[in-house]
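The sequence shown begins at 0 in numbering that gives the first Met the number 0 and counts up one residue at a time.
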Amino acid sequence: MIVIGVGNLADKLGVHRNTIRNWIKDGRLPARPAPGKGIMLSEEDYDRICKEYGLDPSAIRVKHLPAAALKAELESQPDLDARALGERSVRLRPNPQWADICLTCGSCASACPISGVDGLDPRKAVRMVVLGLENELVESNWPWKCTLCGKCEEACPMKVEMVSLFRTVRGMRDRDKVPGPIHKGVVMCLNRGNNLGIPKDDFLYLLDELGEEMAEDCCPGIKIPVDKVGANIMVTINSKEPFGEPDDMKFWWKIFYAAGEDWTIPSVNWEGVNWGLFSGDDESMKTFVGRIVENMYRLQCKTLLLPE
Ligand code: SF4
Ligand code: SF4
Numbered sequence: 000m001i002v003i004g005v006g007n008l009a010d011k012l013g014v015h016r017n018t019i020r021n022w023i024k025d026g027r028l029p030a031r032p033a034p035g036k037g038i039m040l041s042e043e044d045y046d047r048i049c050k051e052y053g054l055d056p057s058a059i060r061v062k063h064l065p066a067a068a069l070k071a072e073l074e075s076q077p078d079l080d081a082r083a084l085g086e087r088s089v090r091l092r093p094n095p096q097w098a099d100i101c102l103t104c105g106s107c108a109s110a111c112p113i114s115g116v117d118g119l120d121p122r123k124a125v126r127m128v129v130l131g132l133e134n135e136l137v138e139s140n141w142p143w144k145c146t147l148c149g150k151c152e153e154a155c156p157m158k159v160e161m162v163s164l165f166r167t168v169r170g171m172r173d174r175d176k177v178p179g180p181i182h183k184g185v186v187m188c189l190n191r192g193n194n195l196g197i198p199k200d201d202f203l204y205l206l207d208e209l210g211e212e213m214a215e216d217c218c219p220g221i222k223i224p225v226d227k228v229g230a231n232i233m234v235t236i237n238s239k240e241p242f243g244e245p246d247d248m249k250f251w252w253k254i255f256y257a258a259g260e261d262w263t264i265p266s267v268n269w270e271g272v273n274w275g276l277f278s279g280d281d282e283s284m285k286t287f288v289g290r291i292v293e294n295m296y297r298l299q300c301k302t303l304l305l306p307e
């Protein structure tokens, strides 16, 4: 068994000490706190990690523990608790390399279009994760102010995945504490097929009515095709349009009419805006995507049009 200081090992491998702690936490490097200071790990694991980093294991000064002393020590220890090694982060599992690769250069903060709104600073968010301040980040407004636009990632010279970070943190907020209407929209969509709960009959009536208006105004003979099997394009809809801006849907339909396109709208589960994506709710997101896929199969359409 090898005993070595975390700082010493990190230094030799050229990684941050938090990276070593993350490896231990994730099981990539099986190790335990050693008597006194440092960690202890098996000769095999030590050799493996050195080789991965192109190091000669014998070039690093380590202490070898005699087997008997070690056995007694192991038996006296509970399983490794990450907190014993100073870790505070227990739920968020960021890429452990962030601790090493973030240069704290601030390019992300400069590129972010809403940097400074409620103090949002993507660079600080990355540092908070690295330092294990996950609860503070989850409780903050930052993940919800962030538009997930990805400008920070684009500007980052080290390609730190900040969009994924913010979305993951959104998913960690208790659902009843998700700000604004998006979680309510998710529940509505699960129960009624669209984010605003528009009943099927009202929706179909509206499509008929708009079609009649278009036929009179500009597109003689148009009828809005619902549930047409075998159409080329299946169109999904942002529920705010039938709810509050129905005329906006006509723009697409006029183009289809002029182009002689073969298209259709499903009569159910036509919602095209996936609020599960925005609220970090993976399960609901999958359900909504699955419904669209189901409609595509049911109607045997070749092309999907999403409004967003
Ligand atoms: S741009 Fe990348 S490397 Fe620079 S501070 Fe932001 S996350 Fe760190
Ligand atoms: S993804 Fe979020 S943090 Fe990054 S630039 Fe866009 S708004 Fe800013």
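Using N, Cα and C, we set each Cβ at its ideal position, and we do this for glycine too.
Top-ranked residue by Cα proximity to residue i, from the options
i: phenylalanine 287; options: Arg169, Ala9, Gly184 and Ile113; result: Gly184
i: glutamate 260; options: Ile223, Asp247 and Asp246; result: Ile223
i: glutamate 240; options: Met233, Leu205 and Val116; result: Leu205
i: serine 114; options: Asp175, Arg297, His63 and Leu147; result: Leu147
i: aspartate 173; options: Cys188, Asn134 and Val159; result: Asn134
i: valine 159; options: Ile100, Pro219, Asp44 and Cys188; result: Ile100
i: glycine 192; options: Cys218, Trp251 and Pro265; result: Pro265
i: leucine 304; options: Phe277, Trp251 and Gly289; result: Trp251
i: leucine 119; options: Gly105, Lys62 and Leu130; result: Gly105
i: tyrosine 130; options: Lys50, Lys144 and Thr18; result: In the sequence under discussion, the amino acid at residue 130 is leucine, which differs from the tyrosine named in the question. Per the Cα distances, Thr18.
i: phenylalanine 242; options: Glu42, Asp201 and Trp143; result: Asp201
Residue range of the alpha helix (DSSP H) that includes residue i
i: isoleucine 264; result: Counting along the chain, isoleucine 264 falls outside any alpha helix (DSSP H), and DSSP gives it neither H nor E.
i: methionine 295; result: 281-298
i: leucine 304; result: Premise fails: leucine 304 lies in the beta strand (DSSP E), 302-304, not in any alpha helix (DSSP H).
i: leucine 205; result: 199-216
i: isoleucine 181; result: 181-191
i: valine 234; result: Careful: valine 234 lies outside any alpha helix (DSSP H), inside the beta strand (DSSP E) at 232-234.
i: methionine 171; result: 161-171
i: leucine 136; result: 133-138
i: cysteine 148; result: Run containing cysteine 148: none; DSSP gives neither H nor E here.
i: aspartate 107; result: Inspection of the sequence shows that residue 107 is occupied by cysteine rather than by aspartate. Here the alpha helix (DSSP H) through cysteine 107 covers 106-110.
i: methionine 127; result: 121-129
i: threonine 18; result: 16-25
Beta-carbon proximity check, residue i vs residue j, cutoff 8 Å
i: arginine 126; j: alanine 108; result: no
i: valine 162; j: glycine 170; result: no
i: leucine 209; j: lysine 253; result: no
i: valine 225; j: leucine 203; result: yes
i: serine 238; j: isoleucine 291; result: no
i: glycine 275; j: threonine 167; result: no
i: isoleucine 23; j: alanine 30; result: yes
i: methionine 295; j: threonine 263; result: no
i: leucine 164; j: valine 228; result: no
i: isoleucine 1; j: leucine 54; result: no
i: aspartate 175; j: tryptophan 141; result: no
i: cysteine 151; j: cysteine 188; result: no
i: leucine 136; j: alanine 124; result: yes
i: valine 272; j: proline 245; result: no
i: glycine 4; j: glycine 26; result: no
i: leucine 28; j: isoleucine 48; result: yes
i: aspartate 44; j: proline 56; result: no
Segment limits, beta strand (DSSP E) that includes residue i
i: valine 2; result: 1-3
i: methionine 39; result: 38-40
Integer-rounded CB distance, given that residue j should sit under 8 Å from residue i
i: arginine 16; j: glycine 6; result: 5 Å
i: valine 267; j: lysine 199; result: 6 Å
i: asparagine 221; j: alanine 230; result: With the sequence shown as reference, residue 221 is identified as isoleucine, and asparagine is not the correct amino acid for it. The pair is not a contact, with the Cβ atoms about 15 Å apart (cut-off 8 Å).
i: glutamate 270; j: threonine 235; result: 7 Å
i: proline 156; j: leucine 102; result: 7 Å
i: leucine 12; j: tyrosine 52; result: 5 Å
i: cysteine 300; j: tyrosine 256; result: Incorrect: roughly 18 Å between the Cβ atoms, too far for contact.
Minimum Cβ-Cβ distance from residue i to chain D less than 8 Å
i: proline 306; result: Within the model displayed, chain D is absent; a lone protein chain is all it includes.
Check your reading: residues with Cβ closer than 7 Å to ligand 1 heavy atoms: Put simply, the residues with a CB less than 7 Å from any heavy atom of ligand 1 are Ile100, Cys101, Leu102, Thr103, Cys104, Gly105, Ser106, Cys107, Ala108, Pro121, Arg122, Val125, Cys151, Ala154, Cys155, Pro156, Met157, Val159 and Met161, in chain order.
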